[in-house]
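Heads up, the thing below is written out as structure tokens.
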Amino acid sequence: MLALDIIMALMMAATLLYGAYFLAVALLGAFRPEKRCPHRPPQKRIAAIIAARNESGVIAPLIESILNQHYPADLRDVFVVPNNCTDDTEQVARRAGARILNCTVPVHAKGEAVSWAIDELLKYPENYDAFIIVDADNLLDADYFQMANDALCAGAKVGQGYRDSKNYSDSWIAGCSSQFYWCMSRFYNRSRNALNMSAALNGTGILLSADYMRQVGWHTSSLTEDLEFTAQCALSGVRIWWLGDARAYDEQPNRFIDSYKQRRRWSAGTVQCMRGYLGRLVRQAVRARSLQCLDMAVLFTGPVVQLFSLLPGIYFGLRALINLIGQPFEAWLPWLGGMLGGLVAGFAAISLLSYLIFKFEGKSARGQWRTIFGLWLFLMSWIPANLVSLFTKPPKWVQIRHERALSMSDIKRADQSAPQPRRSTPAQSASNQPQGRDEPI
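For the sequence shown, position 39 matches number 39 in UniProt numbering, and the numbering has no gaps at all.
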């Protein structure tokens, strides 16, 4: 029994250290002045890459937002890579003004389409300086390319923009998912940027310099290609820059089952990355004294630490319960009161946190009580997703339907209180008229 007590105590200590590490980094960096790249005249030629599977309902507004960038038309392009489509995504994208890259290799995941597209575009005579990876359901703020240009001129090889939400008020699920990304931006990436640490890639709005792609390419095989490439950058000693003023507005799922499937996939991908990269990250952290590798190693242990956080509570709770069996009801009151009090306190704390997140990010909390009071359930539902991922095979990729075809003007009208990105001087550009065409292979 003593040995088991010690093991449980060690698990609790590991959980506390894990939480203290992330809390310390978040608080030390979150309220420091945000570091920004100095403004530079537009000079980098940038191509947006959109891997799209059955996205005909939402892809046109994204292309419009790219063609309307405050950036010279002769320095930007937008490429759509249709893959496994059964709808008219390709035709819609072409009509909207995108250039089409018809993928000639089998594609089972987004990372494969991105890898193929980058390899193809590196051969193009336009000699692109960088690529922006963006999801088909997104919208890009009008200064996104200018912010990418500034970062590239400052020396960035890899960068991550701010992942905002275009439909956080649609449902409590969309609101909770949006709050996750807002926290990721403010308390993870922004904090690390303020402390001169590396950010983490976050699925969309990813900036990749062409020179770095020629050196290493994009080669990922997990369900979370963003985290996997983040680990590869850490092992290569390449810092990921945080572009906090470059905003991509993402569509969040509205149904709980879709959200759970999405997070289950993320959890499985994190476990894949943990198994494939944790040992190398720890060795590199020790050999090279790399804080970037250590930071990623700690992140990848998240599912295991969550298991550690649950087992001691279950163990000591059951011990207390067994000791109470056969005792009068009065003896149960402290135990029941403690359990109920802990649940109420946890619910209240998470609800308060949800409200404060709206305030921190300059979003309106009016009418968002379902999100505020539902965040605890959203977070609790992550527990089975993580635990199942530790002991089962990764799930197959399942598409989540996107259908919110909003424009940037819709976003601005719906969220007038949102913090506005730093505005660049509008570039003198050629006409923004679309020039869609197929690309030769």
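The beta-carbon is built from N, C-alpha and C at its ideal position, and this holds for glycine as well.
{"Query": "Quick one: using the 10 Å Cβ neighbour count with 16 as the cut-off for buried, is S417 buried or exposed?", "Result": "Low confidence applies here, because S417 scores a pLDDT of 46, under 50, leaving its location unreliable and the question unanswered by this model."}
{"Query": "Nearest-angstrom Cα distance between K363 and R287?", "Result": "44 Å"}
{"Query": "Determine, using beta carbons only, whether L139 and S56 come nearer to each other than 8 Å.", "Result": "no"}
{"Query": "Does DSSP classify D410 as helix, strand or coil?", "Result": "helix"}
{"Query": "Counting pairs of beta carbons, one from the segment 122–130 and one from the segment 41–49, are three or more of them closer than 8 Å?", "Result": "yes"}
{"Query": "Cα separation between M11 and P312?", "Result": "7 Å"}
{"Query": "Return the chain-ordered list of same chain residues with a C-beta closer than 8 Å to the C-beta of S407, the five sequence neighbours on each side being excluded.", "Result": "P61, E64, S65 and L139"}
{"Query": "State the start and end residues of the unbroken alpha helix (DSSP H) segment that holds Y21.", "Result": "L2 to A30"}
{"Query": "Could you check which residue in I6, F378 and P394 has the C-alpha nearest to that of S178?", "Result": "F378"}
{"Query": "Going along the chain, which residues of its own chain have a beta-carbon closer than 6 Å to the beta-carbon of Q292, five neighbours each way excluded?", "Result": "S198 and A234"}
{"Query": "Quick check on DSSP: helix, strand or coil for T168?", "Result": "Note on identity: in this sequence residue 168 is Tyr, with Thr being the wrong assignment. Reduced to three states, the DSSP call for Y168 is coil."}
{"Query": "Can you name the start and end residues of the alpha helix (DSSP H) that G279 belongs to?", "Result": "F256 to R287"}
{"Query": "In angstroms with no decimal places, state the Cα-to-Cα distance between M8 and I383.", "Result": "19 Å"}
{"Query": "State yes or no: is the C-beta of Q262 within less than 8 Å of the C-beta of A174?", "Result": "no"}
{"Query": "Just verifying my parser: in three-state terms, what is the DSSP assignment at L353?", "Result": "helix"}
{"Query": "Give me the Cα-Cα distance between A365 and L67, rounded to the nearest whole angstrom.", "Result": "32 Å"}
{"Query": "In three-state DSSP terms, what is A48?", "Result": "strand"}
{"Query": "Excluding the 5 residues preceding and the 5 following G203 in the sequence, name in chain order all residues of the same chain whose CB lies nearer than 6 Å to its CB.", "Result": "D226"}
{"Query": "Tell me which residues share the same chain as I240 and place their Cβ nearer than 8 Å to its Cβ, disregarding the 5 neighbours each side in the sequence.", "Result": "V158, G159, Q160, S198, A199, A200, L201, T230 and C233"}
{"Query": "Short check: CB of W218 to CB of S115, under 8 Å?", "Result": "yes"}
{"Query": "Taking the alpha-carbon of P394 as reference, which of L207, L307 and R275 has the nearest alpha-carbon?", "Result": "R275"}
{"Query": "Along the beta strand (DSSP E) that carries A246, what are the first and last residues, could you check?", "Result": "I240 to D250"}
{"Query": "What does the Cβ neighbour count give for A349, buried or exposed, with the cut at 16 atoms within 10 Å?", "Result": "exposed"}
{"Query": "For the alpha helix (DSSP H) holding I66, just list the boundary residues, first then last.", "Result": "I59 to L67"}
{"Query": "I think A285 touches S389, with their Cβ atoms under 8 Å apart; what is that distance to the nearest whole Å?", "Result": "Not really, about 24 Å apart at Cβ, beyond 8 Å."}
{"Query": "Give me the residue from N149, D87 and C85 with the minimum Cα distance to R40.", "Result": "N149"}
{"Query": "Please state the DSSP three-state secondary structure of Q160.", "Result": "strand"}
{"Query": "Report the rounded CA-to-CA distance for M380 versus R247, giving the unit in angstroms.", "Result": "28 Å"}
{"Query": "Evaluate A345 with the Cβ neighbour count: other Cβ atoms within 10 Å of its Cβ, from every protein chain shown; 16 or more gives buried, anything less gives exposed.", "Result": "exposed"}
{"Query": "Would you mind reading off the limits of the beta strand (DSSP E) that contains V81?", "Result": "R76 to P82"}
{"Query": "Reducing DSSP to helix, strand and coil, say where N36 ends up.", "Result": "Contrary to the premise, residue 36 reads as Arg rather than Asn in this sequence. Residue state, collapsed to three classes: coil."}
{"Query": "Taking only three categories from DSSP, how would you classify P426?", "Result": "Summary for P426: the model assigns pLDDT 37, below 50, so the residue's position carries little reliability, and this model does not support an answer."}
{"Query": "With L101 and V78 assumed to form a contact (beta carbons below 8 Å), what rounded beta-carbon distance in angstroms separates them?", "Result": "About 11 Å separates the two Cβ atoms, so there is no contact after all."}
{"Query": "DSSP three-state call for A130: helix, strand or coil?", "Result": "strand"}
{"Query": "I'd like the list of long-range same chain contacts for W182, defined as Cβ closer than 7 Å, with 5 residues on each side in sequence excluded.", "Result": "I357 and E361"}
{"Query": "Count the other C-beta atoms from every protein chain shown that fall within 10 angstroms of the C-beta of W376, then say buried if there are 16 or more, exposed otherwise.", "Result": "buried"}
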